[in-house]
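This report concerns only the one structure given below.
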Amino acid sequence: MKKVLLTLFPLITILLMAWGYHQAIYVAPDDAMQGYIFRIIYYHVPSATVAFLFFFVSLIGSIGYLAFRRNSPNRAQVADAWALAGAEVGVVFCTVVLTTGPLWGRRAWGIWWTWDARLTTTLVLWLIYVSYLLLRRFAAGPQMQTLAAVLGIFGALDVPIVYMSNRWWRTQHPAPVFGGDPGSGMKDPTMVNALLWNMLAWFCWGMLVLFLRYQVERRHQQYAAIEAQEALEASA
Amino acid sequence: MSSTLWTHLAKDLRIEWRSKDAINSMLFFAFLVVVLFSMSFDPRGSFAQQIAGGVLSVATMFASVSALNQAWAREIRHQVMDAQRMAPTSGAELFLAKVLANFFFVSIVQIALAPVFLVMYNLHAEGNAWLLILVLPLGTWALVANGTFFAALAIRSRNRELLLPLILFPIFLPALLGMVQATTNILTGESDPWLWIKMLTGYDIIFTTVSLLLFDVVFHAE
Numbered sequence: 001m002k003k004v005l006l007t008l009f010p011l012i013t014i015l016l017m018a019w020g021y022h023q024a025i026y027v028a029p030d031d032a033m034q035g036y037i038f039r040i041i042y043y044h045v046p047s048a049t050v051a052f053l054f055f056f057v058s059l060i061g062s063i064g065y066l067a068f069r070r071n072s073p074n075r076a077q078v079a080d081a082w083a084l085a086g087a088e089v090g091v092v093f094c095t096v097v098l099t100t101g102p103l104w105g106r107r108a109w110g111i112w113w114t115w116d117a118r119l120t121t122t123l124v125l126w127l128i129y130v131s132y133l134l135l136r137r138f139a140a141g142p143q144m145q146t147l148a149a150v151l152g153i154f155g156a157l158d159v160p161i162v163y164m165s166n167r168w169w170r171t172q173h174p175a176p177v178f179g180g181d182p183g184s185g186m187k188d189p190t191m192v193n194a195l196l197w198n199m200l201a202w203f204c205w206g207m208l209v210l211f212l213r214y215q216v217e218r219r220h221q222q223y224a225a226i227e228a229q230e231a232l233e234a235s236a
Numbered sequence: 237m238s239s240t241l242w243t244h245l246a247k248d249l250r251i252e253w254r255s256k257d258a259i260n261s262m263l264f265f266a267f268l269v270v271v272l273f274s275m276s277f278d279p280r281g282s283f284a285q286q287i288a289g290g291v292l293s294v295a296t297m298f299a300s301v302s303a304l305n306q307a308w309a310r311e312i313r314h315q316v317m318d319a320q321r322m323a324p325t326s327g328a329e330l331f332l333a334k335v336l337a338n339f340f341f342v343s344i345v346q347i348a349l350a351p352v353f354l355v356m357y358n359l360h361a362e363g364n365a366w367l368l369i370l371v372l373p374l375g376t377w378a379l380v381a382n383g384t385f386f387a388a389l390a391i392r393s394r395n396r397e398l399l400l401p402l403i404l405f406p407i408f409l410p411a412l413l414g415m416v417q418a419t420t421n422i423l424t425g426e427s428d429p430w431l432w433i434k435m436l437t438g439y440d441i442i443f444t445t446v447s448l449l450l451f452d453v454v455f456h457a458e
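Those sequence lines, one after another, are chains F and B. Mapping of the first sequence onto the numbering used here: residues 1 to 236, in sequence order. Mapping of the second sequence onto the numbering used here: residues 237 to 458, in sequence order.
The structure is reproduced here in structure tokens:
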């Protein structure tokens with residue numbers, strides 16, 4: 001059953017991504033104001049959603065590691081693997097967001113970048129998680145896992161503060177597609193459909209990569225444990 | 237004030253009083269940053285008023301990193317840190333003592349730097365100058381509380397001196413924005429700094445509380 005799922009899920013993901021591409025490029029109409037360039041939203045918004053979701057996974061993993069590290073080491077290792085996978089894959093998706101955003105902004109606003117609330121928050125978030133990954137490289141062993149978990153919690157705490165402070169500072173980013181003001185957002189149902197399909201496709205793709213990264217990290221942990229055991233036995 | 241906290245604080249102050257390492261290096265470093273910025277941006281007239289807040293905050297930030305790295309590195313010699321770990325007291329008091337000591341040092345640097353700043357940038361506050369007495373300590377506290385915490389975290393890794401700014405600066409960014417905006421608003425008198433003062437206060441309360449709660453986890457990480 002597990003094997004069937006493991007082969008089926010990537011297949012479904014690839015099909016979904018092809019379908020999402022078709023919807024985004026051929027089915028959805030051009031935007032009335034922005035024309036063709038607006039289609040980048042079908043990659044920008046799903047990537048942003050997935051990135052934020054995975055940073056949240058990382059936060060949960062960090063909290064889980066700190067909670068379990070004393071009384072159930074195995075669960076703590078699982079939590080730590082999720083924390084790492086979430087941060088790492090999240091940074092990749094966040095990089096996609098930070099690349100597609102300026103590409104669109106150059107055409108729509110006439111500028112590549114602006115220090116607006118959401119742009120700055122995303123950039124700071126990216127910086128925080130890159131520093132998190134750096135810490136994981138620079139420190140070693142179980143001590144590193146604890147330190148990384150603490151930094152993960154600090155980073156997550158910082159996000160709402162960064163967001164609010166930048167909102168007070170300045171805001172230029174377009175209003176949200178879902179849950180914005182009544183005047184904003186998408187009016188054409190085929191556009192909304194295309195966006196939803198792409199959200200689903202990129203979510204599945206993200207989950208696939210996240211799961212693979214998690215598995216790699218678990219193997220890595222098991223390998224490290226065996227190595228430590230062998231070193232102990234050799235010295236005894 | 238509890239006696240443990242007082243003991244740690246008195247020890248740090250005494251060491252600094254005898255060596256004056258942290259204050260001297262910070263003072264010179266901050267002064268250098270101010271000079272470097274002046275040469276890069278050529279501050280004259282109203283432009284000086286605009287950038288002075290940012291230069292002061294960034295100068296303090298860079299300078300304090302050197303002192304914060306030393307704050308814990310000093311404890312590694314002669315296994316002082318191991319002794320502190322074994323001591324049957326809460327790590328939060330040790331942490332708070334270190335923050336207070338470093339806050340004191342950085343504040344001295346700021347007070348010493350202020351006249352230099354006024355002269356070199358030809359500053360005069362258009363808004364309420366007395367509000368600076370509120371803004372600068374709030375910003376400094378945010379910097380020093382987080383910095384002391386992350387220095388204790390970075391000391392456990394290799395490349396410790398390199399790692400501290402790399403993990404401190406991204407987290408400190410919103411506080412830096414608050415500090416710069418509040419100072420600039422006071423100096424130019426263009427808008428009200430109170431929003432930023434409130435934001436800084438909130439940041440200080442949140443991060444100091446979390447640091448106090450999580451310090452033992454970092455300090456005893458093995």
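Note that CB positions come from ideal geometry on N, CA and C, so glycine has one too.
Notebook entry, point to check: Just how far apart, CA to CA, sit B:I251 and F:G155?
Noted result: Using only the alpha carbons, I get a separation of about 33 Å.
Margin query: Need the endpoints of the alpha helix (DSSP H) that B:S293 sits in, please.
Written below: Where B:S293 is concerned, the enclosing alpha helix (DSSP H) starts and stops at G281 to I312.
Note to self: Against chain F, which members of the region 240 to 267 of chain B pass a CB distance test of less than 9 Å?
What the structure shows: none
Check: Among the residues of its own chain, which have a CB less than 7 Å from the CB of F:E88, if the five just before and after it don't count?
Finding: Cβ neighbours of F:E88 beyond the five flanking positions: L133 and R213.
Next item on the list: May I ask you to report which of helix, strand or coil DSSP gives F:G206?
Entry: helix
Notebook entry, point to check: Nearest CA to the CA of B:G375: which residue from B:S326, B:L409, B:L450 and B:T240?
Noted result: B:L409
Note to self: Let's see if you can read the secondary structure: which residues bound the alpha helix (DSSP H) around F:I25?
What the structure shows: No alpha helix (DSSP H) contains F:I25, which DSSP labels as neither H nor E.
Next item on the list: Reducing DSSP to helix, strand and coil, say where F:P182 ends up.
Entry: For F:P182, the pLDDT reaches just 49, beneath the cut-off of 50, and the residue's location in the model is therefore unreliable, although a value from the coordinates is still provided. It is coil, neither helix nor strand.
Note to self: Does the CB of B:P410 have a neighbour CB from chain F at under 9 Å?
What the structure shows: Interface residue, yes.
Checklist line | Counted within 10 angstroms of its Cβ, other Cβ atoms place F:A148 as buried (16 or more) or exposed | finding: buried
Notebook entry, point to check: What in chain F is Cβ-close to B:R321, meaning under 8 Å?
Noted result: Under the 8 Å cutoff, chain F gives no residues; its nearest Cβ is about 13 Å from B:R321.
Next item on the list: On a CA-only basis, which of B:L431, B:V335, B:F443 and B:A348 is nearest B:F267? Give me that one, please.
Entry: When each option's Cα is compared against that of B:F267, the closest is B:A348.
Next item on the list: Report the rounded CA-to-CA distance for B:F385 versus F:M1, giving the unit in angstroms.
Entry: 48 Å
Next item on the list: Would you mind working out which of F:E233, F:A228, F:Q34 and F:E217 sits nearest F:A79, comparing C-alpha positions?
Entry: F:E217
Next item on the list: Go ahead and pull the three-state DSSP assignment for B:D278.
Entry: coil
Next item on the list: Please list, in chain order, all residues of the same chain as F:C204 whose beta carbon is under 6 Å from its beta carbon, the five residues on each side excluded.
Entry: T13 and L16
Next item on the list: On a CA-only basis, which of B:A299, B:F405, B:L413 and B:P401 is nearest F:M164? Give me that one, please.
Entry: B:L413
Check: For B:L358 versus B:G425, is the C-beta distance shorter than 9 Å?
Finding: Note that residue 358 of chain B is Asn in the sequence shown, not Leu. No. Outside cutoff.
Item checked: Separation of F:G105 from B:F455, as counted between CA atoms -> B:F455 and F:G105 have their C-alpha atoms roughly 45 Å apart.
Check: Taking DSSP as the reference, what is the three-state secondary structure of F:D31?
Finding: Judged by DSSP in its simplified three-state form, F:D31 adopts strand.
Note to self: Can you pull the chain B neighbours of F:A139, defined as C-beta to C-beta under 7 Å?
What the structure shows: Residues of chain B whose Cβ lies closer than 7 Å to the Cβ of F:A139 are, in chain order, R392 and S393.
Notebook entry, point to check: For B:D428, which three-state DSSP category applies?
Noted result: coil
Checklist line | chain B within 9 Å of F:D158, Cβ atoms only | finding: yes
Check: Going by alpha carbons, who is nearest to F:I153 out of B:V380, B:L450, B:S326 and B:A288?
Finding: With distances taken between Cα atoms, F:I153 lies closest to B:L450.
Next item on the list: Give the straight-line distance between the Cα atoms of B:A337 and B:L304, rounded to the nearest whole angstrom.
Entry: 11 Å
Check: Should F:W115 be labelled buried (16 or more other beta-carbon atoms within 10 Å of its own) or exposed?
Finding: exposed
Notebook entry, point to check: Between the C-alpha atoms of B:W377 and B:R394, what's the straight-line distance to the nearest angstrom?
Noted result: 27 Å
Notebook entry, point to check: Which residues in chain B sit within 8 Å of F:W169, going by Cβ to Cβ distance?
Noted result: L413 and Q417
Note to self: Can you pull out the residues from the region 420 to 452 of chain B whose beta carbon lies closer than 7 Å to at least one beta carbon of chain F?
What the structure shows: L431, M435, Y439, I442, V446 and L450
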